[in-house]
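A.B. asks: In the working numbering, the protein residues as written are 2 to 86.
Here it is, the structure, as structure tokens.
Structural data, given as structure tokens:
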């Protein structure tokens, strides 16, 4: 798998961090577990400055797939971002 640093570009503003994700591979199916991994990696790197990682509407089909648990898995990963370590 391609290292995260090769496909995430980061820009900083006074109050926010903007992330642009450009995966070098095609869209996978039910990638909610990878979403949680990426959220944890970014939380470790940016700490309390990163408060949320919002999936785009175009990514939801591939992110959740057919899994009914995927929505809750992603929601827990997003909630963890707002919690202090």
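Idealized CB from N, CA, C, for every residue including glycine.
It should be emphasised that the depicted structure is a prediction, and the values quoted were computed from it without experimental measurement.
1. Nearest-angstrom Cα distance between residue 64 and residue 78?
2. Tell me which same chain residues have a C-beta within less than 7 Å of the C-beta of residue 66, skipping the five on either side of it?
3. Kindly give me the distance between the Cβ atoms of residue 56 and residue 36, rounded to whole angstroms, as I take these residues to be in contact under 8 Å.
4. Quick one: residues in its chain with C-beta nearer than 7 Å to the C-beta of residue 52, no 5 flanking neighbours on either side, listed in chain order?
5. Can you tell me the Cβ-Cβ gap for residue 75 and residue 33, rounded? I've got them flagged as a contact below 8 Å.
6. Less than 8 Å separating the beta-carbons of residue 54 and residue 43?
C.D. replies: Concretely, from the data shown:
1. When rounded, the distance between both Cα atoms is 13 Å.
2. Within the same chain, 30 and 31 come within 7 Å of residue 66 by CB-CB distance, once the 5 residues on both sides are set aside.
3. Contact between residue 56 and residue 36 holds: their C-beta atoms lie close to 7 Å from each other, under 8 Å.
4. Here residue 52 has 82 and 83 as same chain residues with Cβ atoms under 7 Å from its own Cβ, once five neighbours each way along the sequence are excluded.
5. 5 Å between Cβ atoms; contact.
6. Contact: yes.
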